[in-house]
Every structure is written in C-alpha cells, then in structure tokens.
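Number of protein chains: 4
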Amino acid sequence: MPRLDFAASIADLRLLARARLPRSVFEFIDGGAADEYTLKANSDDFGAFRLMPDVGVDVALRSSATTVVGKPSRLPLVLAPTGLAGLYWPKGEIAAARSAARAGISFCLSTNSVASMEEVADAVPEVDRWFQLYFLKDPDLMRSMVERARASGYRVLCITLDLAVQGRRDRDIRNAFTVPLKPRLTTVLEVLARPAWLAGFLRAPMRFGNFAAAAPQGGFSSIAQHIAKLCDASADWDTVARLIELWDGPVVVKGLLNPRDAERAVALGVDAIIVSNHGGRQLDRVPSAIAALPAIAAAVAGRTQIILDGGVRRGTDIAIARCLGADACMIGRPFLWGLAAAGEAGVTRALDILRDELDIAMALLGVTSMDAFSAGHLWRNETAR
Amino acid sequence: MPRLDFAASIADLRLLARARLPRSVFEFIDGGAADEYTLKANSDDFGAFRLMPDVGVDVALRSSATTVVGKPSRLPLVLAPTGLAGLYWPKGEIAAARSAARAGISFCLSTNSVASMEEVADAVPEVDRWFQLYFLKDPDLMRSMVERARASGYRVLCITLDLAVQGRRDRDIRNAFTVPLKPRLTTVLEVLARPAWLAGFLRAPMRFGNFAAAAPQGGFSSIAQHIAKLCDASADWDTVARLIELWDGPVVVKGLLNPRDAERAVALGVDAIIVSNHGGRQLDRVPSAIAALPAIAAAVAGRTQIILDGGVRRGTDIAIARCLGADACMIGRPFLWGLAAAGEAGVTRALDILRDELDIAMALLGVTSMDAFSAGHLWRNETAR
Amino acid sequence: MPRLDFAASIADLRLLARARLPRSVFEFIDGGAADEYTLKANSDDFGAFRLMPDVGVDVALRSSATTVVGKPSRLPLVLAPTGLAGLYWPKGEIAAARSAARAGISFCLSTNSVASMEEVADAVPEVDRWFQLYFLKDPDLMRSMVERARASGYRVLCITLDLAVQGRRDRDIRNAFTVPLKPRLTTVLEVLARPAWLAGFLRAPMRFGNFAAAAPQGGFSSIAQHIAKLCDASADWDTVARLIELWDGPVVVKGLLNPRDAERAVALGVDAIIVSNHGGRQLDRVPSAIAALPAIAAAVAGRTQIILDGGVRRGTDIAIARCLGADACMIGRPFLWGLAAAGEAGVTRALDILRDELDIAMALLGVTSMDAFSAGHLWRNETAR
Amino acid sequence: MPRLDFAASIADLRLLARARLPRSVFEFIDGGAADEYTLKANSDDFGAFRLMPDVGVDVALRSSATTVVGKPSRLPLVLAPTGLAGLYWPKGEIAAARSAARAGISFCLSTNSVASMEEVADAVPEVDRWFQLYFLKDPDLMRSMVERARASGYRVLCITLDLAVQGRRDRDIRNAFTVPLKPRLTTVLEVLARPAWLAGFLRAPMRFGNFAAAAPQGGFSSIAQHIAKLCDASADWDTVARLIELWDGPVVVKGLLNPRDAERAVALGVDAIIVSNHGGRQLDRVPSAIAALPAIAAAVAGRTQIILDGGVRRGTDIAIARCLGADACMIGRPFLWGLAAAGEAGVTRALDILRDELDIAMALLGVTSMDAFSAGHLWRNETAR
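Residue numbers (the working numbering), protein chains in the order written: chain H, 1 to 385; chain F, 1 to 385; chain B, 1 to 385; chain V, 1 to 385.
As structure tokens, then:
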C-alpha cells in the first residue's frame with residue numbers, strides 16, 4: 001500500500017494508480033477519444049481564468065457545505081458515474097460509495113458498474129445514491145433498471161445523453177481492451193507485472209453487474225460493442241420526458257454542452273444539468289466542459305442547478321466553476337485514480353486533498369461560504385496575453 | 001503484413017508506413033516545403049474550431065453519402081492526385097483505385113503516376129476516375145495527355161494551378177531524392193534495411209508511367225528538375241479556359257487559396273474548386289487550406305462545389321470542413337500511408353477509419369445527413385483562449 | 001566556492017544554489033503552490049511587454065538612484081522578507097543585510113527568519129531595516145514583536161496580508177519538509193550529498209529566531225503547521241488600522257493584487273503597497289504580480305508608492321515594472337539563490353548583475369534617470385501575436 | 001570541406017558552422033543578449049504573417065533585381081556589418097566581400113573587422129562597399145576612420161545608433177570570450193577539438209584590423225570592454241548630423257525600432273534607415289525587427305529607403321519584409337554561418353539558397369518583380385488563431 005500522505009495532489013494519485021494497474025486498464029481510465037484534444041482541454045481551459053483574491057477579510061469561519069439536487073452536501077462535489085470501477089479495485093463501487101458517505105457527498109452509480117446497484121445499496125445504505133442510466137434498446141430492460149434503482153433506494157436518476165454511439169477511443173482499440181479482459185500475450189504480460197492488482201482481479205472478476213441477472217455475458221466484447229448492442233441511438237427528448245415521468249423523483253441529465261439543449265432540459269423540468277463531454281471520451285474537438293459552462297449558465301439563469309463534469313483536478317478548479325455558475329462539480333478520474341491506488345483509502349485521500357485545497361482557496365480568496373463566490377472573483381488578464 | 005486492426009487512426013498507419021519505407025522515400029511523402037510551417041498548419045488549424053453537438057436527436061439512421069462533381073459518392077472524400085504512388089507499393093495507383101471503387105468514392109490519378117492512365121483504367125474500370133494535369137511546356141504533349149485521359153474514360157479533368165515551379169523541399173534536397181532512386185551509399189543502406197519494400201521495388205521499378213511512351217527517361221533527375229523540364233510557368237487563366245474547352249467535360253481546378261482566384265475560376269465555369277496548398281509542399285508560409293476555406297466559401301457562395309485538400313486526418317476534420325462550406329475533402333497522405341503500410345488493404349483501412357470516425361461524429365453531433373452540417377455546429381471558444 | 005564571475009545571470013546563480021543545497025531545501029525556495037501556474041506566470045508575464053528604445057540620446061551620465069518609502073536608495077530594489085534565509089547559509093539574514101547595505105538598498109527581515117531581529121540589527125546597524133509581520137493569534141506576541149522591531153531600529157513595518165492560512169505547496173508535502181529538518185532517510189541522503197551545506201547547518205541550525213525567547217520549539221512541524229498555530233485568519237483591515245497606529249512610523253502592506261484592496265490601503269494611509277502573490281507560494285491561479293500591476297497603478301494614481309514583488313529576474317524586468325507604475329521592486333528568490341550559492345558574496349553578485357543589467361537597459365533605452373521611464377517606453381506588439 | 005549541396009537551407013549551414021567552430025566562437029555568432037527573447041522573436045515573428053498567392057499568372061520571366069541606396073543590386077540583400085568575421089575563416093571579410101561581388105549585392109564592413117578596410121578594398125575592388133561606424137570617444141580617431149573609408153572607396157557610411165554601451169551577452173560572459181582568445185583550459189580544449197579552424201586561426205590571428213595602425217592591442221579584453229573603451233555614450237542626433245556633413249555621400253543609420261527616431265532620421269536626410277535590434281545582441285525584450293517594421297514604414301511613408309535587419313532566414317522572409325515596406329534586407333548570421341562552414345563557397349551557398357528561395361516564392365506568389373510585392377500578398381489569419 002503506498003504512503004498516501006506523500007500524495008500531495010490528484011496528479012500524485014494518478015501516478016500511484018499507474019504503478020498499480022496493468023497498462024491497458026490504466027489507459028482505459030486515462031484515455032479519451034481520438035487525439036484527446038477535448039480531454040486535455042477539459043483541464044487546460046481552467047487556465048483561461050484567474051482568481052482574484054480579497055485580502056483583509058475575516059475568514060476564520062468558513063464552510064464548503066452546499067445543497068446538491070435538494071440534498072445537503074458537505075462539499076460541492078458528486079462522484080461521477082464511471083463504468084467498471086470494480087475493475088480497478090475489488091468491489092470498487094462499494095469502496096467509492098463508502099468514501100463518499102464518509103465525506104458527506106453523493107455517489108452516482110454507473111449502469112456499467114461491476115457491483116450491481118443492489119449490492120451497492122446493501123453495502124452502503126447511508127450514502128446518497130444516484131443511478132446513471134443509458135437509453136437502452138430494450139424497453140423492458142430499461143424499465144426494469146429504473147424500477148430496480150427505485151427499489152434499492154437510489155434517490156436521483158441521472159440520464160446520459162451523449163452516448164448515442166460510443167466514441168472511438170484509440171488507446172482501447174490499440175490495446176484491444178475487452179470485457180472481460182481477453183488473455184492476449186501483451187495483456188497477460190502487463191497483468192503479470194502488476195501482481196497486487198491481479199490478486200484482486202482474480203478474487204472479483206470483471207463483469208457488468210447490473211446485467212448479470214438479465215443475460216449471460218459469454219465472449220469478449222469491446223466497450224464499443226457492448227454499447228452498440230445495448231444503447232438506443234434513436235432516443236430523443238421525448239424519451240427523456242417519458243423517463244422523467246416513469247421515475248417520478250429527482251432527475252438530472254448528463255452530457256450537455258449546448259445552450260439550446262440546456263433550454264430543452266429546463267423546459268422538461270430537470271433538477272440539474274450536468275455540463276459534460278463524457279470526460280473527453282466521446283467526441284474529440286467538442287468544447288471543454290468549463291469553456292461551455294458560461295453560455296449554459298447564462299441560458300439557464302438559475303432555473304435549475306448546474307453541475308460541471310470534466311477536468312476538475314484542484315480546489316481552485318471548483319472555485320472557478322462556482323464563479324462561473326456551477327452549483328457543484330462531478331469528479332470521475334480523480335476518485336478512480338485514488339481507488340486504483342489504494343481502494344477506499346485512496347478515494348478518501350482524493351476527497352481530502354480536494355477539500356483541503358478548496359478550503360485554502362476560500363481562505364485566500366476571502367470567501368467564507370459557497371454562496372459568496374461570484375464573477376467578481378474571476379479576472380481576465382488583459383495585460384499579459 | 002502488419003495487423004491493421006490495431007491501427008486505430010491515420011496516425012497509426014503513418015507509423016506503419018515509416019516502418020516499411022526507406023527513410024528518403026518516407027520523407028518524400030511526409031515532408032513539405034522549407035520549414036514545413038504550412039504543412040503543420042494544415043492539420044493544426046483545424047484546432048481553431050470546436051464542434052458543438054446537439055443531444056436528444058434520433059440518429060439511428062444516418063448517411064454520409066453525397067454528390068461530388070455530379071456523381072454520387074458514398075463518402076465526401078476523393079483520393080488526391082499524388083506523384084509516384086507506385087513507389088510505395090507495386091502498382092500502387094491501381095491498389096488505391098481499387099480501394100476507392102470499393103469504398104464508393106472517386107480516384108484522381110496524377111500526371112506523375114508510376115502506372116500509366118491506361119493501365120489504371122484497364123485494371124479498375126469500375127472506379128470514378130479523375131485525371132490531374134499540369135500545365136506542360138510542350139503543347140502537343142499536353143493535348144495528347146488530355147486526349148488519352150478522355151479515351152481511357154477519365155470523367156473529370158483536374159488542373160493543378162500551384163506548380164509554376166516546384167517548391168523547395170529541404171528534405172528531398174538533403175536526401176538527394178531522384179527518379180529513379182540514385183544508388184548513393186546512404187540510399188542503398190536505407191533500402192537494404194527495408195527488404196519488404198525492396199522486393200516490391202525490384203518487381204515494379206519507379207518511373208513516370210504517363211511519359212513512358214513519349215520519351216526515354218535516362219539519367220537521374222530530382223522531382224524539381226523533372227518539373228522544371230516539363231511545366232510551363234507562363235500558363236495563366238487563359239490556358240485554363242483553353243483546357244476547359246478542349247476537355248469538354250467536368251473540370252476542377254486545384255491549388256487555390258485566394259478568394260480573388262476563386263472568383264476567376266467561378267467565372268470560367270469550373271465544376272469545383274479545390275482549396276489547397278499542395279499539401280504544404282510548394283510555398284511555405286501560405287495559409288493552411290482550412291484557414292483559407294471560409295473566405296473562399298463566402299466568395300463562391302454556392303456557385304460551384306468546393307473541395308478542401310490538406311490536413312484532413314480525422315472524421316471530425318471532415319465534419320469541420322463541411323460546416324465551413326466544403327462539399328467534400330481530398331486526402332493524400334492518409335491513403336498513401338495506408339498504401340505504403342499494406343497496399344490495397346492499407347488504403348481500405350484508412351478509408352474505414354475515416355468512415356467510422358465520420359459516422360460517430362455525425363451520431364454524436366446529432367446530424368444524420370451530409371446536408372445537415374451547418375455553421376451552427378461550429379463554436380468559437382470565447383472563454384478559453 | 002563557485003567562480004561567481006561566470007554566473008552571468010540570476011538563472012546561473014540558481015543553478016549554483018541547486019548544486020549546493022539538499023534537494024528538499026532547494027525546492028523550499030524554488031517551489032510554489034499547487035501546479036506552480038502563478039509562480040511561472042510571475043516571470044513569464046513580463047514577456048507580454050516590449051521595451052521600445054530611443055536612440056541618439058546622450059546617456060553618458062545616468063543614475064538608478066531613487067527614493068523608496070521616504071529613504072534614498074541606490075537602486076529601485078528592496079530585499080524581500082523570506083522565511084528561513086539562515087537555512088541556506090549560516091547567518092544568512094545577516095549576510096543578505098550586509099550585502100544590501102553595501103549596495104545602498106533596504107532589507108526587509110521576515111518574522112520567520114533564523115536570525116532574530118535583534119541579531120540582525122546588532123550585526124548590520126548600517127542597513128535600512130524593515131520588519132515583516134504576520135497577523136498573529138496571540139495579541140501579546142504580536143505587540144511584543146512590533147515593540148522589539150521598533151526598539152532594534154527597524155524603520156518600516158511591512159504587514160503581510162495574504163497569509164490567512166498557508167498555501168498548499170505540493171513539493172514541501174512530498175518532501176515532508178519540516179522545521180527543524182526531520183532526519184528521514186531520503187532527507188539524510190540528500191543532506192549527506194551536500195557536505196558544504198551540512199557543515200554550515202551543523203554550525204548554525206535551523207529555528208525561528210524571532211520566537212526563540214517566547215517559547216520552546218520542540219518537535220518537527222511543517223511550515224503550514226507553524227503558520228496555522230501562529231497566524232490569525234480572522235484579522236481584517238481594522239487589524240491593519242490598529243497596527244498602523246501602534247507602529248507610528250512608515251507602514252507598507254504586502255500581498256495585494258486587487259484594485260479594491262489597493263483603495264482600502266490608500267484610505268488607511270499606508271506608505272507603500274506591495275503588489276505580490278507571495279512569490280506564487282500561496283494560491284495558485286491568481287494573477288501574476290506584473291499583470292496585476294497596471295490596474296493597481298491606475299487605482300492608486302500616485303497617492304502612495306507601489307512596489308512590485310514577484311518574477312523579477314532581469315534588469316529589463318525592473319524597467320518594465322517602472323514603466324507600468326512601480327516605484328521599486330522587491331526580490332526574493334534572486335538574492336536567496338545568490339545567498340545559497342556563496343553567502344554574502346552571492347547576494348552581492350545577484351545585486352551586481354541586476355544593477356549592471358538595469359544600467360545597460362537605461363543606456364540602450366535612452367533613459368538617464370529612474371523618473372524618465374514612462375509608458376511610452378513600452379510597446380504592445382500589434383503585429384506579431 | 002563539407003558537401004554544400006546537401007545544405008538545403010540556412011539552418012543547415014548553421015549546423016555545418018557549429019561543427020567547424022570552437023564552441024565559444026560559435027556562440028559568439030549564435031548568441032544574443034540576456035534570455036535571447038528578442039533574438040528568437042526576430043525569426044519567430046515572421047510567423048505572424050501568411051503570404052497569399054495569386055495563381056494563373058504568367059511568371060516565366062521574373063527578376064529579383066532592385067536598387068539599394070542608389071545602386072542597382074541583383075538581390076534585395078546587403079551583407080550586414082559583423083564584428084570579427086575574420087575569426088571564423090582566414091580573411092573572412094574578404095571572402096564575404098568577394099561572394100557579395102559575385103552575387104551582385106553590397107557588402108558592409110564592420111569597424112570591428114579583422115581585415116582592415118584598406119585590405120578589403122584592395123582585395124575586392126569590384127564590390128559595392130559600405131563602411132559601418134560606431135560613435136567613437138576619440139574625435140580624431142572617428143574622423144580618421146571616416147577619411148580612410150572615403151579614401152579606400154567605400155561608397156556608403158553606415159552609422160550604428162544602438163551601441164551606446166554593449167549589451168550583456170550571457171554566453172560570452174560564461175565563455176569568458178575575449179579578443180584575442182584567452183588560452184583558458186576549456187577554450188584550449190574546445191579549440192583542439194576543431195583542428196581545421198585552428199589551422200586557419202594560427203595563420204590569420206584575431207585582431208581589430210581597423211585599429212592596428214592606431215594603437216597596440218596588448219592584453220585580453222572582452223568585446224564589452226573594447227566597446228566601453230572606444231564608444232561614446234554621449235553621442236546624439238547632432239553627432240549624426242555632423243557625420244553626415246563630414247562624409248558628404250550616402251549615409252544610412254542602423255539600429256532604429258522607433259517611429260519617432262525614424263522621423264528624426266528622415267529629417268536629417270539619411271539615404272536609408274536600417275530597422276534593427278542588432279541581431280538581438282544589445283537589449284533583450286525590445287521588439288523584433290519585423291514587428292517594428294510596419295510602424296516605421298508608415299512613419300517614413302516612402303521618404304527614404306528602409307532596410308530590414310534581423311531574423312531573415314528564408315526567401316519568404318524577404319518577401320514578407322517587402323510586403324511590409326522594406327526595400328531590402330540585411331543578413332548577418334546567415335552569411336557568417338556559410339563563411340564559418342566553408343569560407344567564400346559557404347557565403348555563396350547562403351546567397352544561392354536565399355536567391356533560389358526568393359525566386360520560387362515570386363513564382364508561386366504570382367509576382368515577377370520586386371516592385372510587384374504589396375500588402376495584398378499578406379494575409380492575416382482571422383480564422384485560426
């Protein structure tokens with residue numbers, strides 16, 4: 001187990017994850033679509049903003065607590081739905097959910113999780129649970145997913161809009177990444193070089209837990225094949241409307257970059273819009289999440305909550321997103337790197353780092369509550385280019 | 001033969017080509033004029049644009065079919081005229097034409113091909129064939145070229161305007177690249193290190209096939225010397241007008257960057273304008289093709305078709321070009337890398353990659369036909385620089 | 001002892017410092033907060049400006065003398081308050097103060113110095129001394145600091161405003177940097193590799209000299225823990241006002257980036273504002289000092305002096321700061337690198353380099369006095385990007 | 001002797017020069033002031049411009065001939081005055097002058113040449129000769145220089161305005177570069193590693209040839225010391241006026257970046273203004289020559305000729321400078337690299353490369369004479385950043 005106290009940043013956790021995972025598994029987390037232009041922009045585009053502090057402010061008492069989709073949260077953070085979290089650490093979804101519970105934030109389970117939604121609910125009843133749903137070709141399967149989620153106490157339904165087909169992820173193609181892992185020679189060698197990971201993997205093999213009851217999963221399929229078989233490219237906003245009706249509880253939509261689409265989501269009465277490009281994993285060359293945020297915030301104008309998903313690696317990123325109109329941020333890779341490095345302790349370390357960084361940013365900006373962030377704390381450099 | 005299914009992208013095919021070709025031959029494809037500033041800009045300048053998706057759109061049925069210079073095409077792509085394709089793979093022009101036929105797109109043969117226009121026509125009668133013509137000093141030779149092209153069933157005449165003289169390609173000067181390859185020591189060593197290529201080369205040596213009947217080709221000449229001997233620097237728009245009359249069929253002009261020149265071409269009634277800087281191989285420091293496109297599209301205003309040539313490496317590049325007003329794209333290096341890597345199968349892999357990438361881009365942008373692309377799918381980042 | 005005459009620039013002195021210090025000590029000087037984005041911008045943002053010379057001007061007689069906070073100075077420079085200068089060279093604060101005296105400039109002692117304020121005053125009575133003060137939790141300790149500073153002849157009180165809490169400096173976390181240095185294995189190995197430094201360290205160990213009388217300092221604490229224990233996050237502009245009254249002499253405030261805060265400081269009647277982000281060590285992503293300067297200069301409009309702190313590495317940087325409205329510059333790392341390289345001689349070399357560079361810049365810009373710099377000597381490149 | 005026909009570009013000649021010169025001698029050519037920011041900008045800033053070609057133009061007959069300071073020149077080029085050219089090749093100034101004569105362009109001798117002005121005049125009477133003069137402290141020495149130049153048939157007097165003091169060139173300080181070369185251990189080792197250069201150096205040692213008659217030159221002095229002893233920092237525009245009167249022939253002034261200074265030069269009736277920052281060797285952070293050109297061209301408005309000096313490495317650079325209003329370009333390093341690589345043949349190769357590149361640029365831009373370049377051939381990319 002690595003010494004987590006020497007991991008000063010999320011980037012450090014990423015290095016620990018790289019040291020513990022087989023290369024093709026690490027690249028499944030780390031990679032994005034095509035040239036990874038959008039993936040890189042997700043983080044880099046935060047650099048367009050400067051935070052302008054106020055000094056001489058009493059910041060002795062300050063709090064990062066806020067409300068996310070109607071529920072108090074100790075941090076403006078939600079753990080993002082990420083496929084196959086259980087591949088990085090045995091029962092990875094459960095470890096992440098436990099860490100979220102301890103940190104007082106919400107956890108969103110992916111349709112493509114390894115642990116099933118029922119296993120997570122049983123193991124971590126105390127966490128505020130969201131369930132992420134794709135548009136599925138099979139209407140019965142989709143309905144059953146929704147009903148199982150409600151039955152296991154998931155509070156929020158998170159509908160993913162940006163997966164009509166799966167993006168081309170060049171690394172996964174080069175690595176011939178499949179579920180389950182196909183024992184090709186290069187894969188076997190990579191895996192043997194990571195015995196700690198392998199031990200866990202043998203104990204808790206890779207599968208799509210939410211589908212286990214529904215169908216046998218023989219053979220090796222790429223994620224793209226899995227998505228093509230399952231997901232419905234003909235779904236549209238009417239499908240969203242029907243799901244909202246079916247769920248009859250808080251609904252958030254994930255994968256918007258376009259103010260026009262934000263208007264449609266608001267018109268349907270969603271409880272939050274997640275500004276996201278799927279972590280740069282779907283279509284390269286689309287805007288970064290943070291660059292798309294201001295126009296969406298202007299269009300939404302407070303009528304629903306906005307969650308920024310993509311590129312958050314520092315407490316100052318959360319601060320910037322708040323100043324630009326996001327109510328909270330989703331994080332994916334940051335907690336996965338922690339999970340892959342050290343299981344639940346690693347997720348907790350990731351959340352501790354972000355909490356500490358956000359707290360320091362508040363103190364040094366002269367801000368004592370999440371509501372106090374404003375556009376006035378952002379500064380556009382007109383002098384230096 | 002390399003495993004083409006691990007070549008996830010055009011860039012991967014380039015690496016395979018590099019592994020199979022002698023260095024100076026690879027650099028003849030890869031290189032450009034002078035500092036290769038324009039060459040690099042051809043690809044990099046696509047990065048100035050972001051694609052803005054619409055979600056919640058039914059994209060189950062989508063088609064990349066379109067019409068190029070009056071002929072239906074299954075993709076908005078044309079294989080560009082490229083000198084000496086037969087140097088990279090025996091009978092390379094025929095392999096490329098076959099692949100184009102199978103993909104349902106047009107193929108443009110270069111004046112400087114290794115296979116003659118008649119050989120290509122005989123071998124691949126089913127492909128839609130274009131013939132590229134330089135301005136030649138010898139009027140009889142030029143007329144005979146045009147007549148042979150017509151006689152062998154080439155449908156479209158493609159007149160190259162940007163080769164009054166040949167650009168200075170520093171790499172070719174350093175490599176002392178000649179036709180045929182001069183057996184200098186370094187060249188010999190490079191060639192011996194590539195036995196697979198050498199075997200093909202010995203079977204089908206390098207020559208300018210279209211000139212074989214006209215003159216003996218003794219001696220070693222650089223491409224620049226070959227061009228200087230053949231091409232007519234005094235040709236002007238009147239020459240174009242005479243060629244249009246002579247051909248009496250569809251004519252496209254290649255090598256425009258300037259809206260003023262686009263106006264002239266429209267006035268002469270050409271069937272398409274190919275916005276091109278000759279793949280960055282002629283004059284360094286001229287605009288990239290994609291950067292020159294918007295002003296030309298504005299000047300042309302739909303009066304003729306526009307084909308973008310230069311820098312296309314991804315399906316998203318084709319999408320961006322469509323949004324900016326191009327009816328189709330020409331690709332040169334992408335298919336040559338495939339050809340050099342694995343012959344016809346490599347060209348087919350290149351076309352498969354681009355087709356798949358374009359299809360995914362359409363699905364994720366919420367676009368179901370080539371006509372549905374619009375300026376509204378482009379987004380200029382005002383937030384991040 | 002290195003040959004200082006081969007150190008042509010401040011950057012060269014940095015390399016000499018790196019060669020003499022244990023890595024974690026060097027990184028304590030060199031590093032900044034988080035991704036060191038602001039740290040880098042402090043220097044890089046000078047690159048947004050071009051100096052425009054006048055030729056044909058008689059520059060035979062020229063002088064860099066000026067007045068800083070009411071006192072003549074032979075250069076528009078002040079040595080910045082820097083914690084633990086005595087860690088880099090035995091009695092480092094005294095060596096630096098001596099060098100400042102010889103150069104005819106002022107020296108500002110840090111609260112967190114190794115040598116106490118009394119030791120410095122006794123050893124270098126001839127230097128113009130400033131004392132830097134944090135807001136301390138213990139009001140008696142803060143009052144006693146102020147009184148000791150006055151009693152030992154410090155002329156100017158420098159109040160640091162940007163340290164409500166300490167910034168997260170990732171390198172120090174990774175290095176587990178503490179006061180005193182904790183004998184961890186990696187630290188011991190680093191130190192043994194630097195015997196010259198070690199010899200000095202054993203002679204004059206690391207401690208917070210100004211606190212020696214007040215309390216025993218048992219145990220190892222990180223700088224962050226030290227600051228958290230000492231500093232008062234509830235202090236505000238009223239605290240500044242009370243300190244101004246208590247000191248009853250020249251007061252400067254350090255750590256402003258915001259024109260709003262500059263207005264408040266002017267209203268309180270401070271003698272100078274130090275535009276600073278604490279050398280990029282507190283909150284990453286805030287503006288660079290030089291980029292923040294113009295708006296502050298516009299707000300202050302000559303009502304008090306302005307000192308630029310951050311990123312000055314060249315004589316031309318001082319010239320640019322003057323043109324943008326700074327009366328003087330503070331330098332921290334430049335003199336610390338000299339100090340760590342060669343003690344007093346190294347600080348003197350740093351000051352000699354900057355003096356020579358500034359003198360040459362004046363001659364070549366056609367400027368003969370510090371007052372002659374103007375916005376007209378700056379030039380914004382509209383042509384090249 | 002290197003195979004010059006494989007040197008495709010000026011950059012290639014630079015590599016050959018590096019291979020033949022001792023490191024500190026090579027760095028004396030290659031280096032600039034301080035961080036070499038301006039040095040780099042001199043070349044890089046050409047990248048802000050794109051050349052926009054016209055096609056369909058008869059360019060069979062084209063000429064790069066022009067008139068420079070009243071004299072026909074076969075190319076719009078002048079060899080710049082460069083100190084110590086004879087250090088790179090025995091009798092280097094004579095070799096360069098011969099090459100200039102053969103190319104039909106003018107040659108400007110530096111005050112700090114190794115060969116005296118009389119030696120050059122005797123050896124190459126056929127070249128159009130300019131003599132570069134510093135402001136000298138000793139009025140008699142300055143007057144005698146002017147008279148000797150006139151007596152030896154130098155046609156144009158070139159007055160350097162940007163050398164009130166010498167810039168700080170960090171590399172020369174680190175290398176302890178002196179005239180003559182001081183036999184320090186590292187210098188000796190560098191020199192022994194370059195026997196071809198050493199042989200020439202022993203035959204024709206380093207000295208300031210124009211001062212040989214005037215004074216003994218014992219001891220080793222840096223160029224900065226040499227300049228400080230000789231040059232007059234008190235000279236101003238009146239000094240220029242007196243020199244114009246004294247010379248009574250064509251006068252050009254070198255080292256202007258500022259439109260205000262260009263106005264003064266025009267008022268004095270100079271025959272040309274040389275826009276220059278001394279090759280980035282004097283004050284770092286001043287504008288690049290090409291970036292400064294447009295404002296000067298606007299101020300001068302055709303009242304005198306303008307010569308651009310700095311950063312020209314390609315024929316397209318000359319074309320860009322013409323489009324922006326320069327009548328000709330001076331080149332320094334490009335011919336010195338050729339000279340250092342292969343003596344006169346190397347200078348000739350440099351001129352051949354630039355001539356060929358310019359000729360191709362004209363053909364591909366659709367330009368047939370130097371007067372035909374216009375602002376319309378430049379294009380500012382509004383699309384891509």
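Virtual Cβ for every residue (Gly too), placed ideally from N, Cα, C.
Using a Cβ-Cβ distance under 8 angstroms, would residue i count as near chain V?
{"i": "B/A363", "result": "yes"}
{"i": "F/Y154", "result": "no"}
{"i": "B/A214", "result": "Its pLDDT being 49, under 50, B/A214 is placed unreliably in this model, and the value from its coordinates should be taken loosely. Not one chain V Cβ lies under 8 angstroms of B/A214."}
{"i": "B/I360", "result": "yes"}
{"i": "F/N112", "result": "no"}
{"i": "F/I173", "result": "yes"}
Can you tell which of the options has its C-alpha closest to the C-alpha of residue i?
{"i": "B/P22", "options": "B/W130, B/F335, B/W197", "result": "B/W197"}
{"i": "H/G269", "options": "H/R303, H/P259, H/I296", "result": "H/R303"}
{"i": "V/V25", "options": "V/E190, V/N210, V/P334, V/M117", "result": "V/E190"}
{"i": "V/L378", "options": "F/D309, F/P287, F/G343", "result": "F/P287"}
{"i": "H/R242", "options": "H/I290, H/S222, H/P139", "result": "H/P139"}
Spell out whether any CB of chain B is found under 8 angstroms from the CB atom of residue i.
{"i": "H/P53", "result": "yes"}
{"i": "H/W337", "result": "no"}
{"i": "V/Y134", "result": "no"}
{"i": "H/S9", "result": "yes"}
{"i": "V/N210", "result": "no"}
Is the CB of residue i under 8 angstroms away from at least one CB in chain H?
{"i": "F/D356", "result": "yes"}
{"i": "B/N42", "result": "no"}
{"i": "F/R349", "result": "no"}
So, using beta-carbon positions, are residue i and residue j closer together than 8 angstroms?
{"i": "F/R355", "j": "F/S64", "result": "yes"}
{"i": "B/R207", "j": "B/P180", "result": "yes"}
{"i": "H/T38", "j": "H/N258", "result": "no"}
{"i": "F/C329", "j": "F/L77", "result": "yes"}
{"i": "B/A267", "j": "B/A164", "result": "no"}
{"i": "V/F6", "j": "F/R174", "result": "yes"}
Within 8 angstroms (strictly less), CB to CB, does residue i reach chain F?
{"i": "V/C329", "result": "no"}
{"i": "V/P139", "result": "no"}
{"i": "H/S234", "result": "yes"}
Handout entry: Any 3 or more C-beta pairs closer than 8 angstroms across the segment 1 to 21 of chain B and the segment 241 to 250 of chain V
Key = Fewer than three pairs of CB atoms, one per stretch, sit closer than 8 angstroms, so the segment 1 to 21 of chain B makes no contact with the segment 241 to 250 of chain V.
Exercise for the section: Indicate whether the contact test is met: 3 or more Cβ pairs, each with one atom in the segment 76 to 92 of chain B and one in the segment 100 to 110 of chain B, closer than 8 angstroms. Expected result: Enough Cβ pairs lie closer than 8 angstroms, so yes.
Practice task
Specify whether the segment 276 to 287 of chain B and the segment 25 to 35 of chain B touch according to this definition: at least 3 beta carbon pairs, one from each stretch, less than 8 angstroms apart.
Solution key: Between the segment 276 to 287 of chain B and the segment 25 to 35 of chain B there are three or more C-beta pairs closer than 8 angstroms, enough to call the two in contact.
Exercise for the section: Give a yes or no on contact between the segment 297 to 313 of chain B and the segment 48 to 57 of chain B, applying the rule of three or more CB pairs nearer than 8 angstroms. Expected result: Between the segment 297 to 313 of chain B and the segment 48 to 57 of chain B there are fewer than three inter-stretch CB-CB distances shorter than 8 angstroms, so the stretches are not counted as touching.
Exercise for the section: Kindly confirm or deny that the segment 153 to 162 of chain H and the segment 369 to 377 of chain H touch, where touching means at least three C-beta pairs closer than 8 angstroms. Expected result: As far as the Cβ criterion goes, the segment 153 to 162 of chain H does not touch the segment 369 to 377 of chain H, which means the pair count is below three.
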